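Worksheet: one structure, shown below.
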Amino acid sequence: MGHSARSPSSGDIIRSTREGNPELTRALSAYLGVELAPREFTLADGTRVGVDCADDGQPTVLAQFSPLHGPMKSAQRNKVIADAFKLAWLRDQHFPDARPLVVLGEPLAKLFGRGAWLPVAFASHQITVALVDDRLRIRALDISM
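First residue of the sequence shown: 1, per UniProt numbering; consecutive thereafter.
Structure (structure tokens):
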């Protein structure tokens, strides 16, 4: 079953009522220089999907957060992969001008070490990875191989 590649109209898009992570959203907004907020989209086929933050209108940024502070577990790794898949799907099928971005806590950086498959997969799907520290400082992670 395919989904329509048609971008949702403004009537298809609704603002999320969820609170999200306001401090991290503000930090990412400042880092990118664009106003971001939690968003929920209702697509043309009725599918609803939320992201931790995106800009208004037809989004140019779609972001998910995994601000892990502590030891990494397989569930966190799986969330990062699922978040990236969701963002890439949203971009590829509905928002072709959007940049998918996952913002990870520093401990998750080890998922993107040299020789690992994950950075190659993210780079091939044009998914940007950024790291956030305990003081909400954000920096891009170079995943190009």
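Here a beta-carbon is modelled for each residue, glycine too, at the ideal position from N, C-alpha and C. Small disclaimer: the values here were computed from a predicted structure and weren't measured.
Straight across, the Cα-Cα distance linking L104 with D45 is about 31 angstroms. The shortest C-alpha to C-alpha distance from R77 to any of T128, E23, P107 and D133 is the one to P107.
Boundaries of the alpha helix (DSSP H) around A121: W117 to S124.
The beta-carbon separation of V129 and F112, rounded to 6 angstroms, stays under the 8 angstroms limit for a contact.
In the DSSP assignment, D83 falls within the unbroken alpha helix (DSSP H) covering S74 to Q93. Apart from sequence neighbours up to five positions away, the residues of its chain that approach A98 with a beta-carbon distance below 6 angstroms are P59, T60, L62 and R91, ordered along the chain.
Burial is judged here by how many other beta carbons sit within 10 angstroms of a residue's own beta carbon; S66 has at least 16 and is buried. The criterion of a C-beta distance shorter than 8 angstroms is not satisfied by H125 and L43.
A straight line joining the alpha-carbon of G33 with that of S74 spans about 33 angstroms.
Taking all protein chains shown into account, T25 has 16 or more neighbouring C-beta atoms within 10 Å of its C-beta and is therefore buried.
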